[in-house]
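Order-wise, the sequence lines are chains U and L.
Under my numbering, the letters of the first sequence match residues 226 to 481, in that order.
Under my numbering, the letters of the second sequence match residues 16 to 341, in that order.
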Amino acid sequence: MKIIVSIKQVPVRDSQLRIDSNGRWIQENDLSFEINEPNAYALEEALQLKEKHGGEVVALCAGPARATQTIREALAKGADRAIHIEDDALASADTLGLAKLLAKAVEAEKPDLILTGLQSDDLGNGQTGVVLAELLGLPHGTIIMQVQATGQSIRVKRELEDGWFQHVDMPLPAVLTIQSGINKLRYATLMGIKKAKSKEIKRLTAAEMGVSSEPVAVLERVYLPLRSKQTQLLTGTAQEAAAKLVEKLKFEVRVI
Amino acid sequence: MSILVVMEQRGGVWNKMSWETLAAGQQLAKEMSLPLTVAFLSDDVDKLAAELATRRISLILPLQHALLKSYTADGYTVALEQLIRKASPRLVLFPHTYQVRDFAPKVATRFQQVLISDVVGIRIENGIPTYVRQLFQGKLNADVTLAGPGPHFVSIQAGAYRADHVEAGQAAATDVMTPELSASQIRQTPDEPFRESARAVDLTAADIIVSVGRGIKDKENISLIADLAKALGGELAASRPICDSGWLPMERQVGSSGQTVSPKVYMAVGISGAIQHLVGMKGAKTIVAINKDANAPIFEVADYGIVGDLFEVVPALIAEVKKARG
């Protein structure tokens, strides 16, 4: 089974975000980056499927030069090789523009299965996998909590709202967007890190792939959200703040 | 040109968020001086169409086909594409449900468009809508616009508009459409939805909920929050990552994929407040947040907040609660 895992690099979760002077994005130069969490689960799922059924896992990543680090980590965890779409146009690309690039790279590989995360922690559009499937003419399933491969088809468990689930069968090749928590993430071993250094990373640009598109969606401005509620901040030492909170719970909220 | 709202139903029951999206559609139709049309997909549309007929809607466009009985991404996309080509709306609005996340980006792609997902607000300036959505799990907002004449595709976040603002109106005309749809176009074969097991814990009945998030760092530390819940006489709950890690069972999860609660007091400890969590608890009467990051989105909905290290604040709080209880 040949599996492509599409991964994205995002700022680490607890980053203190500062808005860039142009007001259209964040300041990236002092941030650290990591693999987008649902993508980490997608990669793990691909590695487990390969261990079960044999085949190959190819990591696919569109992003600036710094994404190389995240790609190396995917290789260290066990991906066999990687494709890095590195292009300046990515910064202003919308979901469709990005998915067109990914689709072009995937097409050339003819995989049996394409996995990605259900959404990114930065933009949170939650659409790349679905748009990719449509561009490739493949069936898809989203928010997947289990994957069983059975020859020419797969059976997946989709998460629905409010604790509901649903099994869905579909033929291969297919695109799945993986939900966090589907499996237990592995760490890269020292041997894996060593091996990763000699694994292939193929670099592609939009021009080389002959893909160009004008964005339909334009991000005009980013800003801090307005608070919908006036939060009463209880200050002081931990003891003082705790005592103030208990006062509030006793005399204002009346639950103690 | 019109505004088209796509409502969601399952087994003849409306998804609650559909009404919020209808309210958004009515407001936009007014602001943009466009007629409002409403579509939905089902194998049996009459009863549902009748329920819509008492609302202020210009035209109801049900899509009816035996193959639309169960939801599939392929079936819904094929059917909706035909309706949108025929109705050629300026703007298509969806509720941002798990189902919409599964098919709406596919529909938009068929029109070489991009769905603006999870929108929390829409401003109209000179007749042009600007869509507000959240980035970085709610830490930042973004204004997004869509170029070109459309049709434009937008999904609306839970709670962004109010279902009780839906306006009543004269019975609208209904024009049932039967899409050209064959079984061979549908590649997904879905089973019936199911729940893992009967829920042993009903968080919706609790008056006080103490909920724990990533800030707790380690499974061993969960007992600290359990002690706080016990001292307050409340139920222990968690955000998704805690349940993903297996530190607490899934049945204690609050959020879009877990339970939706509205207790008297919801205490969020070490929870940053990603939207998937907020939709499950923002109906609480009083929200208390304890978090080390003063910029965490949880403080946007909190009535009381303590910015500090939970490992210092929670033990102090347990002691104070016990003291107050005597």
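Positions of the beta carbon are idealized from the N, C-alpha and C atoms, including for glycine.
Taking the beta carbon of U:P396 as reference, the chain L residues within 7 Å of it are R202, listed in sequence order. The beta carbon of U:G351 falls within 9 Å of a beta carbon belonging to chain L, placing the residue at that interface. At a cut-off of 9 Å between beta carbons, L:K279 contacts chain U. By the Cβ test, the segment 150-166 of chain L is in contact with the segment 234-249 of chain U, since at least three Cβ pairs between them sit closer than 8 Å. In the structure shown, L:W34 adopts helical secondary structure according to DSSP, grouped into three states.
By the neighbour-count definition (other C-beta atoms within 10 Å, threshold 16), U:Y412 is an exposed residue.
Counted as a single uninterrupted DSSP element, the stretch harbouring L:L82 is not any beta strand (DSSP E), since DSSP gives it neither H nor E.
With a threshold of 9 Å between beta carbons, L:R116 makes contact with chain U. Counted as a single uninterrupted DSSP element, the alpha helix (DSSP H) harbouring L:S238 occupies residues I237 to L247. Boundaries around L:F109 are those of the beta strand (DSSP E), L106 to P110, since no alpha helix (DSSP H) includes it.
Against chain U, a Cβ distance below 7 Å from L:D158 picks out E445 and R446. For U:P364, the nearest CB of chain L lies under 9 Å from its own CB, placing it at the interface with that chain. Remark: C-beta atoms of U:L285 and U:I260 do not approach each other more closely than 9 Å.
Partner residues in the beta bridge of L:L251, as assigned by DSSP, are L:V225.
Of all residues in the segment 171-193 of chain L, none has a C-beta nearer than 7 Å to a C-beta of chain U.
Between the alpha carbons of L:V329 and L:V316 lies a gap of roughly 20 Å. Per DSSP, the unbroken beta strand (DSSP E) holding U:G366 starts and ends at H365 to T375. Under the Cβ criterion of 9 Å, U:A467 is counted among the residues facing chain L. For L:L325, the closest alpha carbon among the candidates L:E46, L:E66 and L:A283 is that of L:A283.
Bounds of any alpha helix (DSSP H) do not take in L:F314, whose DSSP letter is neither H nor E. Within 9 Å of the CB of U:F390, the CB atoms of chain L belong to P208, F209, R210 and E211, in sequence order along the chain. Between L:P120 and L:N30 the beta-carbon gap is near 18 Å, outside 8 Å, which marks them as no contact. Between L:V134 and L:I223, the C-beta gap is not smaller than 9 Å, which leaves the two residues out of contact.
Excluding residues up to 5 positions away in sequence, V122 lie with their Cβ nearer than 6 Å to the Cβ of L:L95 in the same chain. Of all C-beta pairs linking the segment 64-71 of chain L to the segment 176-194 of chain L, three or more are shorter than 8 Å, placing the two stretches in contact. In the three-state DSSP reduction, U:A301 falls in the helix class (H, G or I). Not a single CB atom of chain U sits nearer than 9 Å to the CB of L:R138. Taking a contact to require three or more Cβ pairs closer than 8 Å, the segment 393-411 of chain U and the segment 355-362 of chain U qualify as touching.
For the set U:I228, U:G376 and U:L470, the Cα lying nearest the Cα of U:E332 is the one of U:I228.
Residues of chain U whose Cβ lies closer than 7 Å to the Cβ of L:A331 are, in chain order, A463, Q464 and A467. Annotated three-state conformation of U:F258 is strand, per DSSP.
If you check the CB distance, L:I18 and L:T189 do not come in under 9 Å. As computed with DSSP, U:K382 is found in a beta bridge with U:Q371 and U:H392.
Cβ-Cβ separation between U:L321 and L:T160: approximately 15 Å, too far for a contact (criterion under 8 Å). Taking the beta carbon of U:A442 as reference, the chain L residues within 7 Å of it are V129, I131, V159 and L161, listed in sequence order.
Of the candidates U:V283, U:A314 and U:R249, the residue whose Cα lies closest to the Cα of U:S438 is U:A314.
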